[in-house]
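Read in order, the letters of the sequence shown are residues 0 to 452 in numbering that gives the first Met the number 0. Don't be surprised by glycine CBs; every beta carbon is placed ideally from N, CA and C.
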Amino acid sequence: MKSDGQKQGRISRLYDRASKKAMDLWSYCSEGVWEDHRDSLKVKLIKTANLTVRTFMSSDLQSKACAMTYRTMLAVVPALALVFAIGRGFGFQNLLQNQLYNYLPSQRKALEMAFSFVDSCLAQASEGIFVGVGIVFLLWTILSLLDSVEETFNQVWGVTVDRSFFRKVTDYLAICIILPILMICSGGLQIFMSTAIQKLLPFDFLSPVLEAMLDLASYVLAWLFFVGAYMLIPNAKVRLSSALPAGILAGTAFQILQWLFVSGQLYVAKYNAIYGSFSFLPLMLIWMQLSWLITLAGALVCSSAQNISMFTYRRQTQNISDNYRLKVTLAVLSVIIKRFESAGKPITPHETADTYGIPSPLVSAIFTRLMACGLIVRVVPDGTAEMSDNLPVQPAMSINHYTITFVIERLRNHGDTDFIPDFSSQFPGVIAICDDIDSRLTTMDGHKLLTEL
Numbered sequence: 000m001k002s003d004g005q006k007q008g009r010i011s012r013l014y015d016r017a018s019k020k021a022m023d024l025w026s027y028c029s030e031g032v033w034e035d036h037r038d039s040l041k042v043k044l045i046k047t048a049n050l051t052v053r054t055f056m057s058s059d060l061q062s063k064a065c066a067m068t069y070r071t072m073l074a075v076v077p078a079l080a081l082v083f084a085i086g087r088g089f090g091f092q093n094l095l096q097n098q099l100y101n102y103l104p105s106q107r108k109a110l111e112m113a114f115s116f117v118d119s120c121l122a123q124a125s126e127g128i129f130v131g132v133g134i135v136f137l138l139w140t141i142l143s144l145l146d147s148v149e150e151t152f153n154q155v156w157g158v159t160v161d162r163s164f165f166r167k168v169t170d171y172l173a174i175c176i177i178l179p180i181l182m183i184c185s186g187g188l189q190i191f192m193s194t195a196i197q198k199l200l201p202f203d204f205l206s207p208v209l210e211a212m213l214d215l216a217s218y219v220l221a222w223l224f225f226v227g228a229y230m231l232i233p234n235a236k237v238r239l240s241s242a243l244p245a246g247i248l249a250g251t252a253f254q255i256l257q258w259l260f261v262s263g264q265l266y267v268a269k270y271n272a273i274y275g276s277f278s279f280l281p282l283m284l285i286w287m288q289l290s291w292l293i294t295l296a297g298a299l300v301c302s303s304a305q306n307i308s309m310f311t312y313r314r315q316t317q318n319i320s321d322n323y324r325l326k327v328t329l330a331v332l333s334v335i336i337k338r339f340e341s342a343g344k345p346i347t348p349h350e351t352a353d354t355y356g357i358p359s360p361l362v363s364a365i366f367t368r369l370m371a372c373g374l375i376v377r378v379v380p381d382g383t384a385e386m387s388d389n390l391p392v393q394p395a396m397s398i399n400h401y402t403i404t405f406v407i408e409r410l411r412n413h414g415d416t417d418f419i420p421d422f423s424s425q426f427p428g429v430i431a432i433c434d435d436i437d438s439r440l441t442t443m444d445g446h447k448l449l450t451e452l
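Below, the structure is given as structure tokens:
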């Protein structure tokens, strides 16, 4: 009995220790990791996973994926019509069809119906007044979809400035023209490589190796597609080191999704029994939404991996006091003014954060506040056609105006005031105290310029 009691006691102690370690690990991974400033791979991976999960739970990617599914459904036929119009011009229509069947094996029935719609659309577009109107409608539908994709990626990245209209039109048209050419080239290259390898290695036992190589090539193409999308679509500078792992994860998940839909014939039979000839429609919608969810989740991983430093002091930045915010604001503004006074290169938000170790979200908030108060303005360098959140800034007026009193009064008085009826008569004591604070600001040593700090 004593040995049984000792054994139960040891088990209980082991359970308590394991439970405590698990709770400590959870506490570190959920909150404590942001207080860990080590530059190790393990810490970066935990921070990336933490930030990805937090943003996924708060950004409602499910709704964004649903919206993109709807827009994609509207643009499927016009996009295919444009691709096949170009393919017919080069005589590669059949090759394009085969490529789409290979890329989307789980949606063969949906593609067959879409191809019939495309034939009807192209037949109508070549007759009468519908020629011009039809082409404009096709292009508008496709450009609208691409614009929605860019807008969604920018939201994931927290980018508030879009590309210019001219850049959108030129970039999107280039994508629409180049995409079918790339599909044709990749299909021809795959056929050529398959034939060449079979001739060079005419052994039956090497067939499984060849199939494995071709399967791996499909994964590599998927990885490259997602890496390119994550680097080129957002209106931000995305590093390859951030886009590559995100593209590999998203491309692998997309290939697994394809395999699940191809191998899930049991569920297809169930949908056929319920929906009959329309069974392809709910399956295609589910596949499309899951594909967009994978794409947006990969973009979120890419953004999180690149912006870890922005959330290093996330808790402190969110709970910053008004007094400390004012100190940091005056320090940042003094740096901007001194750069201008010494004829130095205007500083950017990212450069400010990196040089002085100030958290990037706090720097962005300070720059936005200073611009709203009319204290600084963005500088657009020569040859820069795009607006960006990371453009350099300079003072908005003569630096001789930037006294401590002037800046504090601008910051404190910016915004709407005196809009509550009878507030002054109901709270005269509060008004008197605030007026006294304003008078003290004018009598203190507030005429000192920020350049003297």
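Apart from sequence neighbours up to five positions away, the residues of its chain that approach His349 with a beta-carbon distance below 6 angstroms are Asn389, ordered along the chain. In terms of CA proximity to Cys28, Ala48 leads the group Tyr14, Ala48, Lys19 and Ile419. Following the DSSP letters along the chain, one finds Pro394 in no alpha helix (DSSP H) but inside the beta strand (DSSP E) bounded by residues Val392 to Pro394. Non-local C-beta neighbours of Ile336 in its own chain, meaning closer than 7 angstroms and more than five positions away in sequence, comprise Pro394, Ile398, Tyr401, Leu449 and Thr450, ordered along the chain.
If you ignore the 5 residues before and after Val168, its C-beta comes within less than 8 angstroms of the C-beta of Leu142, all in its own chain and listed in chain order. Between the segment 62-78 and the segment 316-325, the count of C-beta pairs closer than 8 angstroms stays below three; the two stretches do not touch.
Take Ser303, set aside five residues on each side of it, and the residues of its chain with a beta-carbon closer than 6 angstroms to its own are Thr47, Leu50 and Thr51, in chain order. For Arg37, there is no enclosing alpha helix (DSSP H), as DSSP marks it with neither H nor E.
By DSSP's assignment, Arg377 forms a beta bridge with Val392.
When the alpha-carbon of Leu292 is set against those of Gly31, Arg16, Lys19 and Ser62, the nearest one is in Ser62.
Straight-line measurement puts the Cα of Gln257 at about 12 angstroms from the Cα of Met283. Taking C-beta separations shorter than 6 angstroms and ignoring five residues to either side along the sequence, the partners of Val42 in its chain run Asp35, following chain order. Sixteen is the threshold: when 16 or more other Cβ atoms of the shown chains lie within 10 Å of the Cβ of Cys301, as they do, the residue is buried. Judged by DSSP secondary structure, Thr416 falls outside any alpha helix (DSSP H); it is assigned neither H nor E. Put simply, the backbone Cα of Val155 is about 22 angstroms away from that of Thr347.
As DSSP reads the structure, Leu448 sits in a beta bridge with Thr402. When the Cα atoms are used, Pro391 and Pro345 turn out to be separated by approximately 5 angstroms. In this structure, Tyr229 sits away from Gly250, with a CB-CB distance that is not shorter than 8 angstroms. In this model, Cys433 and Pro427 are separated by some 10 angstroms (Cα to Cα). Contact check for Leu295 against Ala21 fails: the beta carbons are separated by 8 angstroms or more.
The C-alpha of Pro77 is placed about 13 angstroms away from the C-alpha of Leu145. Judged by DSSP in its simplified three-state form, Asp353 adopts helix.
The alpha-carbon of Ile365 is positioned some 29 angstroms away from that of Ser147.
Cβ contact annotation for Arg409 (same chain, cutoff 8 angstroms, sequence separation greater than five): Cys372, Gly373 and Leu374, in chain order. In terms of Cβ geometry, Phe253 and Trp286 do not form a close pair [threshold 8 angstroms]. Straight across, the Cα-Cα distance linking Ile403 with Leu223 is about 53 angstroms. Gly8 sits exposed, since fewer than 16 C-beta atoms from the chains shown fall within 10 Å of its C-beta. A distance below 8 angstroms between beta-carbons, with the five flanking residues on each side excluded, links Leu239 to the following residues of its chain, in chain order: Val226 and Met230.
Judged by DSSP secondary structure, Ser333 falls within the alpha helix (DSSP H) whose first and last residues are Asp321 to Glu340.
Rounded to the nearest whole angstrom, the CA to CA distance from Val334 to Leu13 is 56 angstroms. Secondary structure of Val160 (DSSP, three-state): coil. In terms of CA proximity to Thr316, Pro360 leads the group Arg377, Pro360, Val32 and Phe164. Residue state for Pro244 is assigned as helix, using DSSP reduced to three classes.
Within its own chain, the residues whose Cβ lies closer than 7 angstroms to the Cβ of Ser290, once the five positions on either side in sequence are excluded, are Phe253 and Leu256, listed in chain order.
Around the CB of Ile45, 16 or more other CB atoms lie within 10 Å, so the residue is classed as buried.
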